[in-house]
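Working notes, beginning with the structure itself.
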Amino acid sequence: MTIPTIEHKPLLHLENVERHYPNGDSVVRALNGVSLTVWPGEFVAIVGQSGSGKSTLMNLIGCLDQADSGHYRVLDRDVANLDADQLAALRRETFGFVFQRYNLLNTASAAENVEIPASYAGMSKPLRRARALALLEQLGLANRSDHRPMQLSGGQQQRVAIARALMNDPPVILADEPTGALDSQSGRDVMALLEDLHRQGRTILLITHDESVAAHARRIIHIRDGHIVSDSGEQHDGCLAVPPPHREPGTTGLLADLSEAGKSATRSLRVNLFRTALTLLGIIIGVSAVVTMMAVGQGSQKKVMDQMTAMGTNLLLIRPGAPGLREGGDVATLSPDDADALAYLDNVQWVLPERSARLTVRHGNVDYATSVQGVSPNLVQVRDWPVASGDFFNDNDMTRFAPVVVLGQTVANILFPFGEDPLGRHILIRNIPFEVIGVLTAKGASASGTDRDDGVFVPLTTGLVRLFGQNHLNGITVRVFDVDAIEATEQAITELLIQRHQTQDFRVRNMTSILVTAAETQNTFTLMLGIVAAISLIVGGIGVMNIMLVSVTERTREIGIRMATGARRRDILLQFNTEAALVCTLGGVIGVVLGFGLGGLLAWFGMTVVFSPLPALLAFSSAFGTGLLFGFLPARKAALMDPVVALAAE
Ligand code: ADP
Ligand code: MG
């Protein structure tokens, strides 16, 4: 193999570099004016006692950290002028790191660890895998590629780390106490490897506190208290070196990056299965709550609307009391004569005057308080409410003030509990006997939930004279022929009644306007349900943020390792955002499915539910949105982390 000679200029050049750490009120002068030139192909050992500043120097050289003053050039480029991404590119392509504590990702296999730098360099998956396996084989780990770091010995882990450092074929290997944690045999193996790499033309910078380890190097530099105290001399005569690779950065597209991020997100979510499940639960509850509640809300709205429409949009309701007056109290402004007069108006089909009171009815020894309603015989037509047995009273009963009564189903069942036929029997209302001449069909609950079968009907005339002791009405219901002309009829009724009363002491409403009001009430109800559900969704989102913050904190060292191996900020951002998005998507999908399931269950129990795609879509996208939003902050925190600080985390 022929190795091309590189242009004869320094590879690394430090000039009067200082690095000070604030430490309470004082500063630790970790590096105190270090000047150093390293030429391509050199094998340099930097030796010094613990705390002398070796690691600080190494981190500066490897662009994990920046000097406070002085200059540092890599191949004539001043690193002070490089932005975060360019520094990441240098780490990725120029330097390969080997650390004392290996710094492997515990959740990834040996081969996956080795692949990391190449994934950030944009190498395709199959190429990457093949190269990682080849490197592991060269380093004697062919049958260990699927093992996790914990399943490997220290020496093996360090060899995995060396394979990782070689993955992007960098010209410079930076090794910070690579043998420090190893037994002596593994240590000798690692040193032999480094010598091999040097022979192949790579520049090696080795840090050690051990003179015997340093003896492997061609050039030895001693450092003490942040100063270089001795240097055995630069060696740059005719040196051979591996040139920095000329690669197109980022040859993979966003799609490949995304799929990579997706894989690593899945892995980290799987590792913390229980925590992931809890986070998912928050999202699932939020989303399914939105879906179910909206279905219930819309169902209840539909039910009310259907019932009101069934009552007829061809009805006008006239109530006593001036417009704007609060309802309640007994306002004596509508008389039976008003009802008679209305019957002669155009477009009026039926007029139903009504007067009701809550009274006790009795049969045998059963007493029951119910709504006693005095109405005209046309109730049957106006309300579309036929009798189930017997007859409804007629005009004749009206004129002769007949003491007859027609029972609603509920009352019939209560007064005649043993299946006796009520027809022809007498019941007492206010101690006056009334003959039961009919029983109405069951009508069920009204829109407002009251039981419409809980009532009895007597002729209005009889009721006014013998039961209510009043001669005015609670209301008049008018049924029109032509619904399209209902507004004109409403107008005509208003004018006629004003003319008769000399003032507007009544209100006329049509069913359509009542429907609109009901719809508004129902919308408010649905909205309230929606808000409650949305709050739980936000809580779910906060759960995601919480978990992501924990995840970032917990995995600070992983972030550091990824940065040291060349991850750009956007790679880190993408990785954590993908995790959040994945949790939210999964939670959203499960939540929507569960929401539909719960709604279906409620429907099975007889509740009216209406599923529409919009709430599901809305809930899903807000879950996704909150997840991304709340996931973004922790992700950004991770991306902005300082590589050295992140690496130092435990
Ligand atoms: P070595 O690697 O030679 O053992 P270091 O470069 O790690 O030494 O540290 C040099 C000096 O700087 C030490 O006194 C150490 O305590 C100090 N130091 C290193 N990192 C930090 C830091 N992040 N904050 C404060 N002081 C630090
Ligand atoms: Mg150190």
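When you number the sequence shown by the numbering used here, it's gap-free, plus one each residue, and the end is 888. From the three backbone atoms N, C-alpha and C, an ideal C-beta is built for every residue, glycine too. As the structure is a computational prediction, the values presented were derived from the model and not from experiment.
query	result
Reference threonine 791; option with closest CA among Glu888, Phe695, Leu839	Glu888
As assigned by DSSP and simplified to three states, the class of alanine 607	strand
Valine 266: CB within 7 Å of a non-hydrogen atom of the ligand ADP	yes
Sequence-distant residues of its chain with Cβ nearer than 8 Å to arginine 462 (five each side left out)	Gly286, Gln287, Ser290
Beta-carbon spacing of alanine 579, leucine 775 below 8 Å	no
4 or more residues per run - each alpha helix (DSSP H) lying fully within the region 737–813	749–792, 794–802
Tryptophan 277 classed as buried or exposed, judged by whether at least 16 other C-beta atoms fall within 10 angstroms	buried
Helix, strand or coil at phenylalanine 654 [DSSP, three-state]	coil
Closest Cα partner of cysteine 301 within the set Gly798, Ser859, Asp384	Gly798
Contact belief for aspartate 469 with isoleucine 459 at Cβ below 8 Å, rounded distance in angstroms	5 Å
contact_flag[the region 695–710, the region 541–549] where n(CB pairs < 8 Å) is 3 or more	no
Residues near leucine 431 in its chain [Cβ-Cβ closer than 8 Å; skip 5 each side]	Leu377, Arg397, Ile400
Own chain partners of threonine 504 with C-beta closer than 8 Å, once the 5 adjacent residues on each side are dropped	Leu820
Same chain, Cβ closer than 7 Å to isoleucine 785, neighbours up to 5 away in sequence not counted	Arg513, Thr517
For leucine 698 and alanine 560, the rounded distance between their alpha carbons	24 Å
Short Cβ contact (8 Å threshold) for proline 387 with leucine 342	yes
For glutamate 728, three-class secondary structure by DSSP	helix
beta-carbon glutamate 415 near the ligand MG non-hydrogen atom, thresh 7 Å	yes
Three-pair Cβ contact test at 8 Å for the region 715–726 versus the region 569–589	yes
Validate contact between the region 365–374 and the region 400–414 using beta carbons, cut 8 Å, 3 pairs	yes
Serine 293 beta carbon near the ligand MG (any heavy atom closer than 7 Å)	yes
Supposed contact pair cysteine 822 and valine 521 - C-beta distance, whole angstroms, cut 8 Å	Note on residue identity: the sequence assigns isoleucine, not valine, to residue 521. Rounded, the Cβ-Cβ distance is 6 Å, consistent with contact.
Identity of the residues DSSP links to aspartate 421 by a beta bridge	Partner(s): none; aspartate 421 has no beta bridge.
Segments assigned alpha helix (DSSP H), at least 4 residues, entirely inside the region 587–639	617–620, 633–637
DSSP beta-bridge partners of glycine 334	Ile411
Buried versus exposed call for glutamate 725 [16 or more other C-beta atoms within 10 Å across all chains shown]	exposed
Cβ neighbours of alanine 326 in the same chain (closer than 6 Å, five flanking residues each side left out)	Gly804, Arg806
Exposure of tyrosine 259, with buried meaning 16 or more beta-carbon neighbours within 10 Å	exposed
Whole-Å CB distance - threonine 332 paired with proline 408, under 8 Å assumed	6 Å
Distance between valine 317 and leucine 250 (C-alpha atoms, nearest Å)	11 Å
Beta-carbon gap between phenylalanine 695 and leucine 617 smaller than 8 Å	yes
Of the residues Asn406, Met543, Val266, the one placed nearest glycine 334, counting alpha carbons only	Asn406
Tyrosine 310 Cβ short of 7 Å to the ligand ADP heavy atom set	no
Valine 451, buried or exposed, once every other Cβ within 10 Å from all chains shown has been counted against 16	buried
The beta strand (DSSP E) enclosing aspartate 321, as first and last residue numbers	Counting along the chain, aspartate 321 falls outside any beta strand (DSSP E), and DSSP gives it neither H nor E.
Contact check, glycine 646 vs glycine 693, beta carbons under 8 Å	yes
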